[in-house]
Amino acid sequence: MTPSPSRPRSYRPGDWYAVLGPDVLVALPPSERGRVAALWEMVDDGADGDAVLDALIAGGLRHLPGFVLVSEVDGTTRAVVRGSVTCTLTAGGEVVELDGTAATTWVERSLPGVTATTVSVSGDAAGPDLVIGPGLVRVARVDDPPASVEAAPAAPLDVPAPLDVPAPVDVPAPAEVPQVEEEPSPVVAAAAEAAVPDEPAAGPAAEPEPEPAAEPVEPAYEDLPTERFDSLPPAPPAPPAWGPTSPPPSAPPAAPEPDPTPDPQPDPQPDPPPADHDHDGMTRAGSWDPDEFARPQAGIPGQPQAPSVTSRPVARLVVSSGDTVDVDRVVLVGRAPEARRFTSTEQPRLVTVPSPQQEISSTHLEVRPGSGADHGSAVVTDMGSTNGTVLVQPGLPSESLQPGIPVQLIPGALIDLGDGVTIQVTRP
Amino acid sequence: MSRPLGQVELQHGAATDVGLVRQVNEDSFLVAPPVFVVADGMGGHDGGDVASAIVVEEFARLADEGYDPRRGAEVVAATLTSCQQRIEQYGAHQRLGGAGSFHAGTTAVVALLVEDAGETKWLLANLGDSRIYRFSEGVLEQVSVDHSVVQELVEAGTITADDAAVHPERHIITRALGATEGAEADYFLLPLPAVERLLLCSDGVTGMIGDDHVARILAAAADPRDAAEQVVRAAVAAGGKDNATAVVVDVVGLAHDHPYDSERQRVSLEQKLGALP
Numbered sequence: 001m002t003p004s005p006s007r008p009r010s011y012r013p014g015d016w017y018a019v020l021g022p023d024v025l026v027a028l029p030p031s032e033r034g035r036v037a038a039l040w041e042m043v044d045d046g047a048d049g050d051a052v053l054d055a056l057i058a059g060g061l062r063h064l065p066g067f068v069l070v071s072e073v074d075g076t077t078r079a080v081v082r083g084s085v086t087c088t089l090t091a092g093g094e095v096v097e098l099d100g101t102a103a104t105t106w107v108e109r110s111l112p113g114v115t116a117t118t119v120s121v122s123g124d125a126a127g128p129d130l131v132i133g134p135g136l137v138r139v140a141r142v143d144d145p146p147a148s149v150e151a152a153p154a155a156p157l158d159v160p161a162p163l164d165v166p167a168p169v170d171v172p173a174p175a176e177v178p179q180v181e182e183e184p185s186p187v188v189a190a191a192a193e194a195a196v197p198d199e200p201a202a203g204p205a206a207e208p209e210p211e212p213a214a215e216p217v218e219p220a221y222e223d224l225p226t227e228r229f230d231s232l233p234p235a236p237p238a239p240p241a242w243g244p245t246s247p248p249p250s251a252p253p254a255a256p257e258p259d260p261t262p263d264p265q266p267d268p269q270p271d272p273p274p275a276d277h278d279h280d281g282m283t284r285a286g287s288w289d290p291d292e293f294a295r296p297q298a299g300i301p302g303q304p305q306a307p308s309v310t311s312r313p314v315a316r317l318v319v320s321s322g323d324t325v326d327v328d329r330v331v332l333v334g335r336a337p338e339a340r341r342f343t344s345t346e347q348p349r350l351v352t353v354p355s356p357q358q359e360i361s362s363t364h365l366e367v368r369p370g371s372g373a374d375h376g377s378a379v380v381t382d383m384g385s386t387n388g389t390v391l392v393q394p395g396l397p398s399e400s401l402q403p404g405i406p407v408q409l410i411p412g413a414l415i416d417l418g419d420g421v422t423i424q425v426t427r428p
Numbered sequence: 001m002s003r004p005l006g007q008v009e010l011q012h013g014a015a016t017d018v019g020l021v022r023q024v025n026e027d028s029f030l031v032a033p034p035v036f037v038v039a040d041g042m043g044g045h046d047g048g049d050v051a052s053a054i055v056v057e058e059f060a061r062l063a064d065e066g067y068d069p070r071r072g073a074e075v076v077a078a079t080l081t082s083c084q085q086r087i088e089q090y091g092a093h094q095r096l097g098g099a100g101s102f103h104a105g106t107t108a109v110v111a112l113l114v115e116d117a118g119e120t121k122w123l124l125a126n127l128g129d130s131r132i133y134r135f136s137e138g139v140l141e142q143v144s145v146d147h148s149v150v151q152e153l154v155e156a157g158t159i160t161a162d163d164a165a166v167h168p169e170r171h172i173i174t175r176a177l178g179a180t181e182g183a184e185a186d187y188f189l190l191p192l193p194a195v196e197r198l199l200l201c202s203d204g205v206t207g208m209i210g211d212d213h214v215a216r217i218l219a220a221a222a223d224p225r226d227a228a229e230q231v232v233r234a235a236v237a238a239g240g241k242d243n244a245t246a247v248v249v250d251v252v253g254l255a256h257d258h259p260y261d262s263e264r265q266r267v268s269l270e271q272k273l274g275a276l277p
């Protein structure tokens, strides 16, 4: 096995999750269990500190009680600390302790030439200092470089011996393995997963095992320079609410018992090519996903996007003022309707209705082809109009539309905007 | 101005300033009624100013040759595609010439008159963090939505709009012309009467002075040329850390809404010009 470029760290067991990459260390509280696997995947793919930070905060800070992110780029170490955890950096004799307890957002510090980093997430964690390479593990404390290990396992880090699994990363010393099994939740380094196949967090990390040779680290993130386009954050993994982007965490099939014929494998993490810091350039292809920043078009925040333009209309609107409009795209109705943030191919239809009493708002309501359960029919949404909208559907009591809440339209429905303006919904 | 678009009369003013820090003004603007553009080039080393100038050239050609006002969004999208291609070609040429990893890029905000459902409307387009505001009935409202990392964070609820103004990543944009991926603009369609005055500006303006300051200037300066001039001057006075550009467009033909105001505005402008018809 070729030596990994990564360095060892040591940790003390605890209930926080630590994602340990070559240049990135992330610690997350137990409540973030659902996203550690995605983060590990990201870090293992070579994501840099900025990318990981983006992923961490993608779901909002409010629900993230605490975290530690330590990353190193070109000899400068940056630590970001949130919540009641501490991170101690030692650089040239200077010791800097960051404590996130008092910060509303986070505490951040960059230092060049850091020689030692300690992350402590739960007070004075007792216990042995166990050495670990890259991987995902539950910790109370992490030291980099490893704390002077009293129980230092004799085995060198690179020996995958006890598991005999083709390990893409350094394997923790044999001494740790029993401990992993006593305590089902910890996951120690990717290579140890075969021992704990039921741990959900192991899922994504387990996937490289069958064909570890095919996993060169993509250098994309490594290359991100620091100026405008360049520092576009790479796609953060989906927030937990969207479910994991990686294969479902049913690891067992993916991680068979020790492979009798482990292939000799190339270095899973070749040294990244020298970073090409083109200071004036833009991101190169593939280093970020444009869809990440795709926005909903005209519509309601938080609502699923309909197919903005359908090949055939799903309904026809007969407006009392005389217009007849097919709903094959977003239709905005109002006294002086405005369409916002649409794409050049999905321009909404704007339907202006008279409102001598000004009872109708400028952009009063939206009708669009429905998506999901509403597919094939039209849905109407009050856009927060001043005086509201009343909807009468056949066989149903009349209802006042709640602003921003779409309601499926049945043919025969009548929408009352006020000022004597109604819209009849018919089949197209 | 009676281009293809009925009797809409537009008055406009524009101003730009390199600021106090930068050596080169990489902003470009176009006032070619009924087409208005501000582009904020970036890239340095001869890149940004060329990229933003390309945008202005392409839209100037559009204004010159005319366009189908009923296909506004398509027309703008096609023009932006031409810009993208030319900027890419320019970048490739520079790299061939030995400029290593040369890349040029630019933001773009565009406002032009179009016809929709038989009415003249403003079609606005945005790529990047230059902005379009409308000023109506004394209220300034940002219409365009920045393509920037901080805007994404604001929308995700991660930070507030106030945080965004001081966020370390506030200058990082997520879409631009010249970016490798290309980028689709956001479009906005506003009825003419809803817009008394439009302001197109680069982030050298909005990064230096707040919206309330801009609103005060726009409220006080009746002449759009004064308004543009004063907005830029205020941005420079506030530090001038970046190139600052402003284009102000007034719709004069809103007779049915504010006959008195628009008449007064016209008279005021003509008096200043010293050329009554």
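Here the protein sequences come in this chain order: A and B.
Each step along the first sequence adds one to the number in the numbering used here, with nothing skipped, and position 57 is 57.
Each step along the second sequence adds one to the number in the numbering used here, with nothing skipped, and position 164 is 164.
Backbone N, C-alpha and C fix where the C-beta goes; we use that ideal spot for every residue, glycine too.
Predicted, not measured: the structure shown is a model, and the values here were computed from it.
Beta-carbon spacing of residue i, residue j below 8 Å
| i | j | result |
| --- | --- | --- |
| residue 68 of chain B | residue 75 of chain B | yes |
| residue 127 of chain B | residue 175 of chain B | yes |
| residue 224 of chain B | residue 242 of chain B | no |
| residue 195 of chain B | residue 136 of chain B | yes |
| residue 28 of chain B | residue 53 of chain B | yes |
| residue 85 of chain A | residue 100 of chain A | yes |
| residue 143 of chain B | residue 106 of chain B | no |
| residue 315 of chain A | residue 378 of chain A | yes |
| residue 417 of chain A | residue 360 of chain A | yes |
Distance between residue j and residue i (C-alpha atoms, nearest Å)
| i | j | result |
| --- | --- | --- |
| residue 89 of chain B | residue 48 of chain B | 14 Å |
| residue 286 of chain B | residue 183 of chain B | Past the boundaries of the shown model lies residue 286 of chain B; chain B is included only from 1 to 277, so the question cannot be answered. |
| residue 137 of chain A | residue 54 of chain A | 21 Å |
| residue 389 of chain A | residue 373 of chain A | 23 Å |
| residue 336 of chain A | residue 188 of chain B | 14 Å |
| residue 423 of chain A | residue 17 of chain B | 51 Å |
| residue 128 of chain A | residue 113 of chain A | 28 Å |
| residue 24 of chain A | residue 93 of chain A | 22 Å |
| residue 172 of chain B | residue 419 of chain A | 46 Å |
| residue 233 of chain B | residue 57 of chain A | 38 Å |
| residue 357 of chain A | residue 200 of chain B | 33 Å |
| residue 240 of chain B | residue 217 of chain B | 17 Å |
| residue 376 of chain A | residue 99 of chain B | 54 Å |
| residue 447 of chain A | residue 93 of chain B | In the structure as shown, chain A begins at 1 and stops at 428. Residue 447 of chain A is therefore absent and cannot be evaluated. |
| residue 34 of chain A | residue 16 of chain A | 12 Å |
| residue 59 of chain A | residue 44 of chain A | 21 Å |
| residue 210 of chain B | residue 222 of chain B | 20 Å |
| residue 134 of chain B | residue 123 of chain B | 12 Å |
| residue 9 of chain A | residue 105 of chain A | 27 Å |
| residue 207 of chain B | residue 229 of chain B | 17 Å |
| residue 276 of chain A | residue 42 of chain A | Because residue 276 of chain A carries a pLDDT of 36, less than 50, the predicted location of this residue cannot be relied on, and the following value inherits that uncertainty. Distance between the alpha carbons of residue 276 of chain A and residue 42 of chain A is about 21 Å. |
| residue 63 of chain A | residue 48 of chain A | 23 Å |
| residue 426 of chain A | residue 191 of chain B | 28 Å |
Element boundaries [alpha helix (DSSP H), containing residue i]
| i | result |
| --- | --- |
| residue 215 of chain B | 211 to 220 |
| residue 362 of chain A | Note, residue 362 of chain A: premise wrong, no alpha helix (DSSP H); not H, not E. |
| residue 59 of chain B | 48 to 65 |
| residue 82 of chain B | 72 to 96 |
| residue 41 of chain A | 33 to 44 |
| residue 191 of chain B | Not the alpha helix (DSSP H): residue 191 of chain B falls in the beta strand (DSSP E), residues 186 to 191. |
| residue 140 of chain A | Residue 140 of chain A -> not in any alpha helix (DSSP H); beta strand (DSSP E) instead, spanning 135 to 144. |
| residue 233 of chain B | 224 to 237 |
Residue interval of the beta strand (DSSP E) (run including residue i)
| i | result |
| --- | --- |
| residue 27 of chain A | 24 to 28 |
| residue 18 of chain B | Counting along the chain, residue 18 of chain B falls outside any beta strand (DSSP E), and DSSP gives it neither H nor E. |
| residue 67 of chain A | 67 to 73 |
| residue 84 of chain A | 76 to 91 |
| residue 42 of chain B | 35 to 42 |
| residue 19 of chain A | 9 to 20 |
| residue 111 of chain B | 108 to 116 |
| residue 132 of chain A | 130 to 132 |
Integer-rounded CB distance, given that residue j should sit under 8 Å from residue i
| i | j | result |
| --- | --- | --- |
| residue 69 of chain A | residue 52 of chain A | 6 Å |
| residue 37 of chain B | residue 110 of chain B | 5 Å |
| residue 146 of chain B | residue 350 of chain A | Actually they do not touch by this definition, with Cβ atoms about 24 Å apart. |
Which residues, in order along the region 37 to 58 of chain A, keep a beta-carbon less than 9 Å from a beta-carbon of chain B? Residues 50, 54, 57, 58.
Please name the residues in the region 149 to 163 of chain B whose beta-carbon is closer than 9 Å to at least one beta-carbon of chain A, in chain order. Listed by position, the residues of the region 149 to 163 of chain B near chain A (Cβ gap below 9 Å) are 149, 152, 153, 155, 156, 157, 158, 159, 163.
Just by C-beta distance, which residues in the region 78 to 109 of chain A are closer than 7 Å to chain B? Those residues of the region 78 to 109 of chain A placed with their C-beta closer than 7 Å to a C-beta in chain B do not exist.
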